[in-house]
Amino acid sequence: MRQSHQLPLVGLLLFSLIPSQLCEICEVSEENYIRLKPLLNTMNQSEYTRGTSFSANVLLSLQLVGIQNQNLKQKLIQQIEYTMKRRLSQVSSGELALIILALGACHNPDENLIYDYHLIDKLENKFQAEIENMEAHNGNPLTNYYQLSLDVLALCLFNGTYSTTKVVNYFTPENKNYYFGSQFSVDTGAMAVLALTCVKRSLINGQVKTDESNLKNISIYIKSLVEKILSEKKENGLIGNTFSTGEAMQALFVSSDYYHENDWNCQQTLNTVLTEISQGAFSTPTAAAQVLPALMGKTFLDVNKDSSCVSAAGNFSNSTHEPVTVTTPGSQSSISVNYSVRINETYSANVTVPNGSVFLDVMEKAQKMNDTIFGFTMEERSWGPYITSVQGLWASNNDRTYWELLSGGIPLSQGVGSYVVHDGENLEVRWSKY
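Residues -23 to -1, 1 to 411 (mature numbering (1 follows the signal peptide of the UniProt record, and there is no 0)) are what the sequence shown spells out, left to right.
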């Protein structure tokens, strides 16, 4: 009976069975590979960067686009394996999902580590803990919906166990976890589209069994999320901001049957991202790693393809070891900024730091000046350092509170470890709710 009532749906959703023919994909031409060198140089620096998320993001990107840099790959795998041996229980669900995607990409030999360390079972348990936390704390996960989407994607691609009904219940497009305040999070929505598309394909080809209503709802969710992503498209082609555009491109690649051709000029987006690269926008290994697959026409759904990933990009990757330099205006060796912490009242100080410093450098200098007022803690996450507390006041997923970074009263799209500050700038960390 199940086959007879799903057959019409298979016909209607045939796009999902042959994505390579129907996805709207644009990619960097081979003659323009040279314009990707800054990204590869930045990713080469990741061997000196601590943090499992850094290693997993970069390894996943290298595997997907077929970069043949065995020396760097082995160092990244060693960092990941160290984590699996020493502190796997401390890794968040999304970090574990990234590890699985990176090790399993394109059926490389390192895929065996996934099963040697029982990573799928561990991810199933962590995903269940996220669901239980949402049920107990007003729909708030332990981490966030970006990580939750990574969980579903990895479990789907590697045949893990998850509840399709739970996915349908919690991934509704109007869920508050797609938003920061009233602002839709493009990268979160994009990762959810990738995860839901994987689930949809698994339902259609019979890998996962469910009732027809779940399949219909997932298709409705994808369409709605795609519309929200496209609504964040800027005049220059960026979607959301510079750093969310790569994942938005991936989502749009796999969902072209949910929008019209004139809704998105893929080539314009590609050209704008290439310009951003030339201006040093993707200056951290994670930022570089997350944008590169889309530029090469790849998505995270390519992770479990039957053949290994091979790309002409590998032809020049081994020669790209020049350091990346980001120029900053002015020639002075130090600059002065006004730095504030705002909770119920505002605490300010004038801070002098070397020219070219990032927001984190300002915070560290201010902390040395007055630890009571400007003391803070942080932790390494996939995008780099994340501020967890200031003056002992901790960010909380359950309470939906966080420390917001602002310049001139405007929220920043870059992180505390990547935003380069400027002379005379008014910087602020503000206790906020989302």
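Virtual Cβ for every residue (Gly too), placed ideally from N, Cα, C.
Asked: Counting Cβ pairs closer than 8 Å, one from the segment 369 to 384 and one from the segment 394 to 409, do we hit at least three?; Found: yes
Asked: Here's the rule I'm using: 16 or more other beta-carbon atoms within 10 Å means buried, otherwise exposed. How should residue 412 be labelled?; Found: Since the first residue of the chain shown is -23 and the last is 411, residue 412 is not available in this structure.
Asked: Taking 6 Å as the limit between beta carbons, can you name the residues of its chain near Ala271, skipping five residues before and five after?; Found: Gly223, Met226 and Gln227
Asked: Under 8 Å by Cβ, that's how I've got Glu402 and Ser317 pegged, so tell me the actual separation to the nearest angstrom.; Found: Incorrect: roughly 11 Å between the Cβ atoms, too far for contact.
Asked: May I have the straight-line CA-CA distance separating Gly137 from Gly183, to the nearest angstrom?; Found: 15 Å
Asked: For Glu107, tell me which candidate among Tyr139, Phe135, Tyr94 and Glu88 has the shortest Cα-Cα distance.; Found: Tyr139
Asked: Ala326 by DSSP, collapsed to three states: which one?; Found: strand
Asked: Kindly indicate the opening and closing residues of the alpha helix (DSSP H) around Val314.; Found: Counting along the chain, Val314 falls outside any alpha helix (DSSP H), though it belongs to the beta strand (DSSP E) covering Ser311 to Arg319.
Asked: Is the beta carbon of Ala82 closer than 8 Å to that of Leu130?; Found: no
Asked: Ordered along the chain, which non-local residues of its own chain (more than five positions away) have a Cβ less than 6 Å from that of Asn9?; Found: none
Asked: When burial is assigned at 16 or more other CB atoms within 10 Å of the CB, is Lys62 buried or exposed?; Found: exposed
Asked: Reducing DSSP to helix, strand and coil, say where Ser384 ends up.; Found: strand
Asked: Would you report the Cα separation of Pro361 and Thr261, rounded to the nearest angstrom?; Found: The sequence shown places Gly at residue 361, not Pro. Rounded to the nearest angstrom, the two C-alpha atoms are 8 Å apart.
Asked: Just to confirm my understanding: we take Ser232, look at its own chain, exclude 5 residues before and 5 after, and list those with CB closer than 7 Å. What are they?; Found: Val170, Thr174, Ile199 and Val203
Asked: Mind listing, in chain order, the continuous beta strand (DSSP E) runs of no fewer than 3 residues lying wholly within the segment 49 to 106?; Found: none
Asked: Residue range of the alpha helix (DSSP H) that Val255 falls in?; Found: Per the sequence shown, the amino acid found at residue 255 is Ser instead of Val. Here the alpha helix (DSSP H) through Ser255 covers Cys243 to Ser255.
Asked: Compute the distance between the beta-carbons of Phe104 and Asn281, then report whether it is under 8 Å.; Found: no
Asked: Would you please state the rounded distance, in angstroms, between the beta carbons of Phe31 and Thr263? I believe it to be under 8 Å.; Found: 6 Å
Asked: Short check: CB of Pro78 to CB of Lys99, under 8 Å?; Found: The identity of residue 78 in the sequence shown is Leu, whereas the question assumes Pro. Not in contact: Leu78 and Lys99 (Cβ atoms no closer than 8 Å).
Asked: Starting from Met355, trace the beta strand (DSSP E) both ways and give me its first and last residue.; Found: Phe353 to Arg358
Asked: Tell me, which residues are paired with Tyr122 by DSSP?; Found: For Tyr122, which the question treats as bridged, DSSP gives no partner whatsoever.
Asked: Which of the three DSSP states, helix, strand or coil, is assigned to Gln160?; Found: strand
Asked: Should residue 414 go down as buried or exposed, given a rule of 16 or more other Cβ atoms within 10 Å for buried?; Found: The question about residue 414 has no answer, for the chain in this structure spans -23 to 411.
Asked: Give the C-beta separation of Val335 and Ser395 to the nearest angstrom, bearing in mind that I take them to be a contact with Cβ-Cβ under 8 Å.; Found: 6 Å
Asked: DSSP three-state label for residue 413, please.; Found: Lying before the first or after the last residue shown, residue 413 is absent from the chain, which here runs from -23 to 411.
Asked: Helix, strand or coil for Thr365 per DSSP?; Found: strand
Asked: Could you check what DSSP says for Thr29 in three-state terms: helix, strand or coil?; Found: helix
Asked: So what's Thr138 in DSSP terms, helix, strand or just coil?; Found: coil
Asked: Check each candidate in Phe157, Glu322, Asp279 and Val145 and name the one with the smallest Cα separation from Asp376.; Found: Phe157
Asked: Below 8 Å on the Cβ atoms is my contact criterion, and I expect Ser373 with Thr354 to pass it. Report the Cβ-Cβ distance as a whole number of Å.; Found: About 13 Å separates the two Cβ atoms, so there is no contact after all.
Asked: Would you give the residue range spanned by the beta strand (DSSP E) that Lys410 belongs to?; Found: Asn403 to Lys410
Asked: In this structure, does DSSP put Pro15 in helix, strand or coil?; Found: helix
Asked: Could you name the residues of the same chain whose beta carbon sits closer than 7 Å to that of Glu356, not counting the 5 residues immediately before and after it, in chain order?; Found: Tyr363 and Thr365
Asked: Enumerate in chain order the residues of its own chain whose CB-to-CB distance from Leu36 is below 6 Å, with the five nearest sequence positions on each side excluded.; Found: Leu53 and Ala79
Asked: How many Å lie between Asp400 and Asn248 at the Cα?; Found: 31 Å
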